[in-house]
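Residue numbers (UniProt numbering): 1 to 255.
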């Protein structure tokens, strides 16, 4: 049986993969280093390699059985209908919680920038964080109906560029705004080590989208290159952000 032919190029698949890995985790990396210490970066690299290897195993499974298009399909092949049901339920809960977390984070961040935001609609006053959560949900909702990952690649490119811009801004603030690099940090902090590990794992929690990226790719035999490049670039950006944020000051990282 032949595999379904995709239509997404290598570079577009790469940007989609990068955008799925990079994200809110960039803001938590300095805090994770402040919690766990500099030695925790070793486990950050181990988690990154583990997530990449899991993606490669997913690709191998889909190559061996072209009828497998998603993780529920893998669950069905391994454990029957029960496995398919359990994995489908886990994915639905995971996606729901991630989206809820994203809306709350965006609402909090925008509210801290615009605390006086208020909308009056049909006599109903909506203000504060609730207002921003609704706005973000309405802005992002149309992307749900985009099924062609070639189009989503342009949005992914914007997301990747935003992550790079954030990294550059942090570096420029340290170098040119007299903030400097002052904090040496702890080598290891066992008290905050579990928190650091959980934040590191959150940074690489995008594996559930890899089957969709694989199915959409035109040259599926190059997908392993996409994974290696995406995880390599994302790990570098995450580590650079964590190191820059961590050596500014411990108080800034915890803020």
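C-beta: ideal position from N, C-alpha, C; glycine also. Quick caveat, the model's predicted, so the values are computed rather than measured.
- [ ] Below 8 Å on the Cβ atoms is my guess for residue 166 versus residue 26; work out the distance and round it to an integer in Å.
- [x] 6 Å
Task: Contact the stretch 13 to 32 vs the stretch 149 to 156: 3+ CB pairs below 8 Å - done: yes
TODO: Would you mind sorting residue 2 into buried or exposed? The rule is 16 or more other CB atoms within 10 Å of its CB.
DONE: Confidence is the limiting factor: at residue 2 the pLDDT is only 40, short of 50, which leaves the residue's position unreliable, though a coordinate-based value still follows. The residue in question, residue 2, is exposed, as its Cβ has fewer than 16 Cβ neighbours within 10 Å.
Task: Cβ pair residue 241, residue 90 closer than 8 Å - done: no
- [ ] List the endpoints of the continuous alpha helix (DSSP H) containing residue 69.
- [x] No alpha helix (DSSP H) contains residue 69, which DSSP labels as neither H nor E.
TODO: Using beta-carbon positions only, say whether residue 163 and residue 237 come within less than 8 Å of one another.
DONE: yes
Open item on the list: Distance check for residue 126 and residue 120, CA to CA, integer angstroms please.
Closed with: 6 Å
Open item on the list: Pop quiz: residue 244 and residue 170 are said to be a contact at Cβ under 8 Å. What is the actual Cβ separation, rounded to whole angstroms?
Closed with: 5 Å
TODO: Assign residue 126 to one of three DSSP states: helix, strand, or coil.
DONE: strand
Task: residue 201 in three-state terms, based on DSSP - done: helix
Open item on the list: Closest to residue 228 by C-alpha separation, out of 49, 41, 188, 86, would be which residue?
Closed with: 49
Task: Cβ pair residue 270, residue 246 closer than 8 Å - done: As shown, the chain starts at 1 and ends at 255. That puts residue 270 outside it, with no answer to give.
Open item on the list: One question on the structure: do residue 196 and residue 40 come within less than 8 Å of each other, judged by their Cβ atoms?
Closed with: yes
Task: Assigned exposure category for residue 192 - 16 Cβ within 10 Å defines buried - done: buried
Task: Spatial distance of residue 102 from residue 114 (CA atoms) - done: 18 Å
Open item on the list: Could you give the first and the last residue of the continuous alpha helix (DSSP H) run that contains residue 33?
Closed with: 25 to 36
Open item on the list: Could you compute how far the alpha carbon of residue 46 sits from the alpha carbon of residue 209?
Closed with: 21 Å
Task: Nearest residue (CA-CA) to residue 199, options 64, 43, 72 - done: 43
TODO: Thinking residue 69 and residue 215 are a contact (beta carbons under 8 Å), I'd like their distance in whole angstroms, please.
DONE: 6 Å
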